[in-house]
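S.K.:
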Amino acid sequence: MSKVLVIVNPASGHYEAETVGAAIEKAASADGRRLEFREVAAGESVADLVRRALADGFDMFVAVGGDGTVSGVVEGLDGSPAPVAVVPAGTGNLLARGLDLPLDPIAAARLMSGDHAVRTIDAMRVEGRVFILNVGVGISSATVRDTSNADKRRFGRAAYVGTGLREAVGFRPCRFTVTVDGRVTRLRATEVTVANCDFIGDIPWPWAPEILPDDGKLDVCLVLVPTAGESIRSGLRVMRHHRKPLPNVRWLRARRSVKIDATRTLPVQADGDLIGETPVELTVLPGAVRVIVPRG
Numbered sequence: 025m026s027k028v029l030v031i032v033n034p035a036s037g038h039y040e041a042e043t044v045g046a047a048i049e050k051a052a053s054a055d056g057r058r059l060e061f062r063e064v065a066a067g068e069s070v071a072d073l074v075r076r077a078l079a080d081g082f083d084m085f086v087a088v089g090g091d092g093t094v095s096g097v098v099e100g101l102d103g104s105p106a107p108v109a110v111v112p113a114g115t116g117n118l119l120a121r122g123l124d125l126p127l128d129p130i131a132a133a134r135l136m137s138g139d140h141a142v143r144t145i146d147a148m149r150v151e152g153r154v155f156i157l158n159v160g161v162g163i164s165s166a167t168v169r170d171t172s173n174a175d176k177r178r179f180g181r182a183a184y185v186g187t188g189l190r191e192a193v194g195f196r197p198c199r200f201t202v203t204v205d206g207r208v209t210r211l212r213a214t215e216v217t218v219a220n221c222d223f224i225g226d227i228p229w230p231w232a233p234e235i236l237p238d239d240g241k242l243d244v245c246l247v248l249v250p251t252a253g254e255s256i257r258s259g260l261r262v263m264r265h266h267r268k269p270l271p272n273v274r275w276l277r278a279r280r281s282v283k284i285d286a287t288r289t290l291p292v293q294a295d296g297d298l299i300g301e302t303p304v305e306l307t308v309l310p311g312a313v314r315v316i317v318p319r320g
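Take 25 as the starting number for the sequence shown in the working numbering and just add one per residue.
1) Between 35, 124 and 183, which has its C-alpha nearest residue 316's C-alpha?
2) From residue 209 to residue 248, what distance separates their C-alpha atoms?
3) Given a threshold of 16 other Cβ atoms within 10 Å of its Cβ, counted over all protein chains shown, does residue 151 qualify as buried or as exposed?
4) Which of the three DSSP states, helix, strand or coil, is assigned to residue 160?
5) Quick one: residues in its chain with C-beta nearer than 8 Å to the C-beta of residue 75, no 5 flanking neighbours on either side, listed in chain order?
6) Do you know how far the Cα of residue 214 is from the Cα of residue 343?
7) Just checking, does the region 187 to 203 make contact with the region 157 to 168 on the three C-beta pairs under 8 Å criterion?
8) So what's residue 95 in DSSP terms, helix, strand or just coil?
9) How far does the alpha helix (DSSP H) with residue 177 in it reach, from first residue to last?
10) Under a three-way DSSP split, which group does residue 201 fall into?
11) Looking at the unbroken alpha helix (DSSP H) that takes in residue 72, where does it start and where does it end?
12) Is the separation between the beta-carbon of residue 203 and that of residue 282 shorter than 8 Å?
13) Just checking: is the beta-carbon of residue 211 within a distance shorter than 8 Å of some beta-carbon in chain D?
14) Which whole-angstrom value is the C-beta distance of residue 119 and residue 94, which I expect to be below 8 Å?
15) Is the Cβ-Cβ distance between residue 15 and residue 220 less than 8 Å?
16) Spatial neighbours of residue 303 within its chain, please: C-beta separation below 7 Å, excluding the five flanking residues on both sides.
17) In the DSSP assignment, find the unbroken beta strand (DSSP E) run with residue 89 in it and report its ends.
18) With a cut-off of 8 Å, do at least 3 Cβ pairs link the region 131 to 138 to the region 104 to 112?
19) Within 10 angstroms of its Cβ, does residue 142 collect 16 or more other Cβ (buried), or is it exposed?
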């Protein structure tokens, strides 16, 4: 009999706990699975919790929380074939958006026993940890650093928008050295992001090529210092969801590794959390995790 561990991050809080829990129990019982719930305590490692559960014979996981919770589950699996069901309950839920998962937590819970498929997606290892969405240095990491938890609880994703606009206006450009699969690029820029998901915020990546989470590669976005006119055009295209390339944005593709360094120390964000400072190095993890998704 399959053993399912439901990992709940109570700090997310963007869901009705009893209703979602009942939906998960109903979906699991429909397939005769044994089910256990575990809440993540403050300061507890989700990855360690998953490693212990694997040793105890659990062979499926449900992540109830935001993208950080899902990343912790993926890190703990470390190549295990155990599938993951994502119940989005965080601020951004970018992975759910990128995989076309239901954003309603109850609908996502029901997907476990509904008409679904399992999709194998890539990830990236950064400083010993595993992330699934993106790693950013520049405006994005300054935005994550300067957006307060109080604002996130009060305004949701809009909190990042307000902070991001302020950072875009006041951010001082920096000289970066970006090494992709051993090839070195030096440039003056305001942002370097390594992306594995096609969403940023609640919209598709602007100015981007096709970003696929299961192609064995990561896409590296280099935002060069724009002119005033380019800044205005960029903002308009973001608001209108335009995908036309911009002259001050370059893209590279990484199949093995990326290293980002800068002439001054900058914060580094990964999947929406601050994880350290430059320099930062990451490796590509093709086919890192199996995720339950809607069929088709």
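Beta carbons are placed, not taken as given, at the ideal position from N, Cα and C, and that holds for glycine.
M.R.: Taking the definition as stated:
1) 124
2) 12 Å
3) exposed
4) strand
5) 100 and 102
6) Past the boundaries of the shown model lies residue 343; the chain is included only from 25 to 320, so the question cannot be answered.
7) yes
8) helix
9) 173 to 179
10) strand
11) 70 to 79
12) yes
13) Given the protein chain composition of this structure (a single chain), no chain D is represented.
14) 6 Å
15) Within the shown structure, residues of the chain are numbered from 25 to 320, placing residue 15 beyond reach of any answer.
16) 283, 284 and 285
17) 84 to 89
18) yes
19) exposed
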